[in-house]
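To start, the structure itself, in structure tokens.
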Amino acid sequence: MNQKVVINQLRKLLEHLSYQVKRLGNPRLKTLGFERRLFKNYHSTLDGYLQECVDTLNKLEHNDLSLSSHPWQLEHLVEQCQAIQKVIYTLPAGKKQLLTPQEELAGYERRLLKMVADLEHQVATATGFQEQQQLLSTLEITQQRLVRCQTAQKDYSWKKSVT
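The sequence shown begins at 9 in this note's numbering and counts up by one.
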């Protein structure tokens with residue numbers, strides 16, 4: 009296949025992926041969902057990974073090397089695009105707006121409070137000593153996580169009020 013045709017198809021694919029990312033609001037990534045070998049750098053948003061793909065495509069386009077002599081570069085770019093596409097498809101479609109860090113922490117706190125309440129109920133209804141001790145240990149760890157979450161909320165509120 010002609011090198012210009014391949015590059016144009018890849019450019020259209022990257023434009024389509026970019027459109028999808030913008031439509032989703034360029035969500036922040038909580039964890040690295042990609043294999044380390046796919047991307048050179050860690051980026052906090054999908055837009056950063058897309059830019060890395062565009063840079064790779066530009067290098068391929070501007071190098072005088074033919075794609076047939078370096079098929080691994082082309083394959084690598086296609087794998088990067090596929091990985092980004094998988095992440096896009098796994099993101100919730102209805103969640104177009106990003107949560108602020110404060111809203112995110114509030115959600116964590118709400119879930120931790122429910123976990124603490126559930127664990128307290130399980131401890132109260134536990135029949136065996138060993139089961140009760142294990143539940144108490146889990147409860148203590150969950151309560152510590154809740155305290156750290158509440159501290160983070162206070163710190164964030166304080167930092168936000170200062171700036």
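All C-beta atoms in this analysis are idealised placements derived from N, C-alpha and C, irrespective of residue type, glycine included. Predicted model only: the values in this text are computed from it and were never measured.
Identify the continuous alpha helix (DSSP H) that holds residue i and give its terminal residues.
| i | result |
| --- | --- |
| P35 | No alpha helix (DSSP H) contains P35, which DSSP labels as neither H nor E. |
| T98 | 79-98 |
| T133 | 109-133 |
Can you pull the DSSP bridge partners for residue i?
| i | result |
| --- | --- |
| T53 | R36 |
Less than 7 Å between C-beta atoms, sequence neighbours within five positions excluded: which residues of the same chain meet that for residue i?
| i | result |
| --- | --- |
| F47 | Y57, E60, Q88 |
| V131 | Q140, L143, L144, L147 |
| V62 | L22 |
| L18 | L65, L85 |
With a CB to CB cut of under 6 Å and the five nearest residues on each side skipped, what residues in its chain are close to residue i?
| i | result |
| --- | --- |
| S26 | L58 |
| I15 | E69 |
| K122 | none |
Identify, in the order they occur along the chain, each residue of the same chain with its Cβ nearer than 8 Å to the Cβ of residue i, setting aside the five sequence neighbours on each side.
| i | result |
| --- | --- |
| S52 | R36, L37 |
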